[in-house]
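A.B. asks: Before I ask anything, let me first share the structure, which is written out below as structure tokens.
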Amino acid sequence: MEREREVVIGVKSQSTLEGLFEKIYRVKAIFKNKEVLRHSHTPANLPHRDDQINQLATILVSALRKETPSNIIMYGKTGTGKTAVVKYVGKELEKISTKYDANINFIYMNCEVVDTQYRVLANLCNNFCSERVPLTGWPTDQLYSLFIEELDKDTKVVVIVLDEIDKLVKKSGDDVLYNLTRINNDLENVKVSIMGISNDLKFTEYLDPRVISSLGEEEIIFPPYDAIQLEDILKQRVVLAFKEGVLEETVVPLCAAYAAREHGDARRALDLLRVSGEIAERKGERMVTEEYVRMAKDKIEQDRIIEVVKTLPKQSKLILYSILHLKNEDDGPIMTGEVFEVYRELCKRTSLDVLTHRRVSDLISELDMLGIITAKVVSKGRYGRTKEIYSTIPFYRVKTLLKEEIL
DNA sequence: AATCCACAGGAAGCCCGGGAAC
DNA sequence: GTTCCCGGGCTTCCTGTGGATT
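If you count the first sequence from 1, position 23 lands on 21 in this note's numbering, and the numbers rise without skipping.
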């Protein structure tokens, strides 16, 4: 953001007003089509995922024969192509279903948003029912009956995809899945198959054995991409995204290498590439060099943190500020008790309600999960057990941001 | 070996706002 | 309006614990 403004002002001061856009326009000699580097873009083919696509297709083909496909769980870390594969196969399946005169519905849901039993059902209802179901308010079993009733009206096969299913289970338990996997018992005309996508390889530990056995009829694993595979993915997009010859030779391998180090995340690799290009573009350069990739890496990380911090609830901001305040005072690890003391003082000064120790402890854990601090539980023997808190975030930027917002 | 610190973190339940139905 | 539901933030009460100290 800031950098953008600088460039614009810089150009303006050097040129007449007529030349303004012309000059900026001329500088944009790097991208051909930036959209293909975004996450929302589903490419026409998915390199190094043939096995998974075939497995999935083999399982889902029974839908064309109007049989119930097995339930599936798919495992793999972020950016390993799970969602892309599912969407791709789903699209193909729906496309071909008309040819075989099969009525197939493919429903995709992201459980990061749809994260309770109620919301899952409401979402499903809104897919099939004519009447709108409110986001909250109804008894859950009423929703379930409505869903069954509406769903069963005509003959079809329904594939329900629950993306980030581990989030759903961690938050609301496995009741939803238990009910969904047994839904076929309540249906006469419709065959339902559940497809779960999980980022967490061990998420079945949270499940009832009965749910595991019915949900995990088939399993598909998405291993992380290695650097070479990432390079292939990037190369495929580079052709579409960038103008010819604007990338230094080492740029793509470097992006791939950075992303491979972070558990082979293709999304991260694409981000790196896009942001490097953007930085070069803003600087008015004609070439994207290694240097810009490094800058992009820092920028992505910093922007992420700033964005997270900005959207934090007020109490969490106060706690984070307390942590940064303590970090300023001495370099050693910070403990929960100290944070609580500083936090209480700050509350008094800003006339905010003081939360309990218990709650503050939870909020600290939340900050840890968001990745803006690191909190490790350690035992100090006679002197108790506590969390040792470290922060690795850009100190001054965040602290001034918080200071503005709190005080 | 027993003690004991300074918390962690689970369980239950309260309160509130949003929303629907009556 | 009242009366249900749901979900989220929060409190209260509680049990658990690793290892320095006694």
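By construction, the Cβ of each residue, glycine as well, lies at the ideal position given by its N, Cα and C atoms.
Using only the alpha-carbon positions, how far apart do Asp161 and Arg380 sit?
C.D. replies: 46 Å
A.B. asks: Can you give me the Cβ contacts of Asp206 inside the same chain, cut-off strictly under 7 Å, excluding the 5 residues immediately before and after it?
C.D. replies: Asp172 and Tyr176
A.B. asks: Tell me the rounded alpha-carbon separation between Val273 and Thr202.
C.D. replies: Distance between the alpha carbons of Val273 and Thr202: 37 Å.
A.B. asks: On a CA-only basis, which of Asp351, Tyr256, Ile158 and Val188 is nearest Val174? Give me that one, please.
C.D. replies: Ile158
A.B. asks: Look up Lys413 in the DSSP assignment and give the residues it is bridged to.
C.D. replies: In this structure the chain extends from -1 to 405, so residue 413 is not present and cannot be described.
A.B. asks: Determine, using beta carbons only, whether Val291 and Leu270 come nearer to each other than 9 Å.
C.D. replies: yes
A.B. asks: Buried or exposed for Arg47, going by 16 or more other Cβ atoms inside 10 Å?
C.D. replies: buried
A.B. asks: If I follow the unbroken beta strand (DSSP E) through Leu160, where does it start and stop?
C.D. replies: Lys154 to Asp161
A.B. asks: Just curious, the beta strand (DSSP E) that Glu215 is in, first and last residue?
C.D. replies: Counting along the chain, Glu215 falls outside any beta strand (DSSP E), and DSSP gives it neither H nor E.
A.B. asks: Just the Cα atoms here: how many angstroms apart are Trp136 and Leu122?
C.D. replies: Trp136 and Leu122: Cα-Cα distance of roughly 14 Å.
A.B. asks: In angstroms with no decimal places, state the Cα-to-Cα distance between Asp224 and Ala42.
C.D. replies: 21 Å
A.B. asks: Going by other Cβ atoms of all chains shown within 10 Å of its Cβ, with 16 needed for buried, is Asp164 buried or exposed?
C.D. replies: buried
A.B. asks: For Met285, name the three-state secondary structure that DSSP assigns.
C.D. replies: coil
A.B. asks: Restricting to runs no shorter than 4 residues, where is the alpha helix (DSSP H) found entirely within the stretch 280 to 330?
C.D. replies: 288 to 308 and 312 to 327
A.B. asks: Could you check where the alpha helix (DSSP H) with Tyr86 kicks off and where it finishes?
C.D. replies: Lys80 to Ser95
A.B. asks: Rounded to the nearest angstrom, what separates Arg259 and Pro222 at their Cα positions?
C.D. replies: 10 Å
A.B. asks: Along the chain, where does the beta strand (DSSP E) that runs through Lys64 open and close?
C.D. replies: Looking at the DSSP string, Lys64 is not in any beta strand (DSSP E), and its letter there is neither H nor E.
A.B. asks: For Ile71, which option in Lys80, Val286, Glu65 and Glu92 has the closest C-alpha, if you only look at C-alpha atoms?
C.D. replies: Taking only the C-alpha atoms, the option nearest Ile71 is Lys80.
A.B. asks: Could you spell out the range, first to last residue, of the alpha helix (DSSP H) harbouring Asn125?
C.D. replies: Gln115 to Phe126
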